[in-house]
Amino acid sequence: MMSKDFIKLVALANIIALPVAFYFMNNWLQNFAYHIDIGVLLPALAVIISLIVAILTVTE
3 MMSKDFIKLV ALANIIALPV AFYFMNNWLQ NFAYHIDIGV LLPALAVIIS LIVAILTVTE
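Put into structure tokens, the structure is as follows:
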């Protein structure tokens, strides 16, 4: 029960943080001569890792 609520909070934090992080990272990377585009894989990997860490922390 507690882990389900905690996972919801982590998911909500990811939903709030992803657009903000994407905006600032994209603006920062545009200042370089050889800039790259941020794809879908990197943010998805960050969400998955944060959820795994949250699950492992709560289920201890």
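Count the sequence shown with the numbering used here and you get residues 3 to 62, in order.
C-beta atoms are modelled at their ideal positions from N, C-alpha and C, and glycine is treated no differently.
Under 8 Å between the Cβ atoms of residue 43 and residue 37? no
Locate the alpha helix (DSSP H) running through residue 57, then write down its first and last residues. For residue 57, the enclosing alpha helix (DSSP H) starts and ends at 43-60.
Can you check which of these residues, 19, 52, 40 and 17, is closest to residue 28 by C-alpha distance? Cα-wise, what sits closest to residue 28 is 40.
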